[in-house]
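Here is the structure we will look at.
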Amino acid sequence: ACCNLYEMYDAVAMNKDLAKKNDPAANGWADKAKEFYVRDSLLTIHYNKEIAGGKWNHIMDQTHIGYTYWQQPPRNVMPKTEIVLQTQPLLPPIFVENDGYVSIEATHYTRAANGTNTSWIVIPDLSKTLSGVTTTPITVTPGKDTYLEYEIELSSTGEIKVEVLISPTLNFNANRGLRYAVSFDGGEEHIMNINKEYNQRQMERWQANSINSTVTTHTVPTSGKHTLHFRALDPGIVLQKILIDMGGLKPSYLGAPESKTKK
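Per the UniProt record's numbering: the sequence shown = residues 1 to 263.
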């Protein structure tokens with residue numbers, strides 16, 4: 001019940017923060033807050049009426065939601081949330097280079113193409129900074145029709161490095177290793193194997209940092225808008241974050257904060 005209460009106030013805070021930015025995502029957090037509020041009532045009823053046959057009925061009746069000063073309110077009150085009216089279609093974000101890099105959370109893709117036999121799912125909170133994205137079912141190898149795309153805008157040109165942050169995992173597929181592919185604008189794919197060969201020190205670093213980091217090098221001949229294309233070539237790849245380094249990316253434990261976007 002305490003955890004549920006925290007989740008409700010967290011959802012309310014997220015709702016208010018996004019509403020200030022006129023972001024329609026605020027509406028989803030408003031719905032979550034209401035769900036947690038209702039669940040609080042159901043947990044109270046369960047404790048009072050069902051546990052031990054109602055032996056401790058009314059023990060959990062004290063109000064605990066809606067305080068505005070030290071004295072308890074007469075009844076629980078749902079915290080105020082805000083709704084953002086969506087007057088025009090919500091366009092996918094374009095991540096803009098700043099300070100020589102672009103940082104993108106895995107879940108903030110422009111497009112998620114589901115294939116004939118596999119599809120993408122978001123695993124909430126399975127990430128050092130937000131959530132993870134992986135393919136399902138985990139017993140099926142994704143085909144070329146299963147991919148993610150991210151729109152970016154670069155002011156730099158020439159050689160760039162793409163650092164992909166993936167949840168660490170065992171080399172469980174007959175020692176072939178787990179692979180992914182990255183390309184730009186429909187160009188040649190660069191394939192990376194994250195764990196086919198590794199030494200004890202590398203494995204310990206993955207375990208300590210709770211992340212597997214690999215880098216591919218690409219050439220971007222022009223500035224402006226580009227599309228990063230990501231494919232998981234094996235099941236079990238859980239993507240957390242993508243960092244595109246044009247020369248300004250600094251080392252950090254969590255990876256650079258997510259870049260600003262434009263519509």
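Using N, Cα and C, we set each Cβ at its ideal position, and we do this for glycine too.
Beta-carbon separation (whole angstroms), residue i vs residue j, contact threshold 8 Å
i           : j       : result
Asn-195     : Asn-209 : 14 Å between Cβ atoms; not a contact.
Asn-76      : His-64  : 7 Å
His-200     : Gly-132 : Residue identity differs from the one stated: residue 200 is Gln in this sequence, not His. Between Gly-132 and Gln-200 the Cβ distance is about 26 Å, and since that is not below 8 Å, they are no contact.
His-218     : Val-162 : 6 Å
Leu-233     : Ala-181 : 6 Å
residue 273 : Tyr-101 : Residue 273 cannot be examined here, being either before or after the span of the chain that is shown, 1 to 263.
Range covered by the alpha helix (DSSP H) that runs through residue i
i       : result
Leu-91  : Element bounds for Leu-91: n/a, residue is neither H nor E.
Lys-34  : 25-45
Leu-18  : 2-20
Met-206 : A small correction: the amino acid at residue 206 is Trp; Met does not occupy that position in the sequence shown. Trp-206 -> alpha helix (DSSP H) spans 200-209.
C-beta atoms of residue i and residue j nearer than 9 Å
i       : j       : result
Asn-98  : Lys-260 : yes
Ser-156 : Met-246 : yes
Trp-120 : Thr-146 : yes
Phe-184 : Thr-129 : no
Leu-170 : Arg-231 : no
Ser-127 : Glu-258 : no
Pro-93  : Lys-225 : no
Lys-144 : Gly-115 : yes
Asp-23  : Val-96  : no
Pro-235 : Ile-166 : no
Contacts around residue i, its chain only, beta-carbon distance under 7 Å, and the 5 residues preceding and following it disregarded
i       : result
Pro-221 : Thr-157
Val-12  : Ala-33, Pro-79 and Thr-81
Residue range of the beta strand (DSSP E) that includes residue i
i       : result
Asp-185 : Run containing Asp-185: none; DSSP gives neither H nor E here.
Arg-75  : Neither: Arg-75 is in no beta strand (DSSP E) and is coded neither H nor E.
Ser-103 : 101-105
Val-164 : 158-166
Ser-213 : 212-220
Asn-173 : Unbroken run through Asn-173: none, as it is neither H nor E.
Neighbourhood of residue i by C-beta, 8 Å cutoff - its chain only, sequence neighbours within 5 removed
i       : result
Ile-123 : Ser-131, Gly-132, Val-133, Thr-134 and Val-238
Glu-82  : Asn-15, Lys-16, Ala-19, Ala-26 and Ala-30
Own chain partners of residue i with C-beta closer than 6 Å, once the 5 adjacent residues on each side are dropped
i       : result
Ser-223 : Leu-154, Ser-155 and Thr-157
Asn-117 : Val-140
Gln-86  : Pro-24
Entirely enclosed beta strand (DSSP E) segments - the segment 121-153, minimum 3 residues:
132-136
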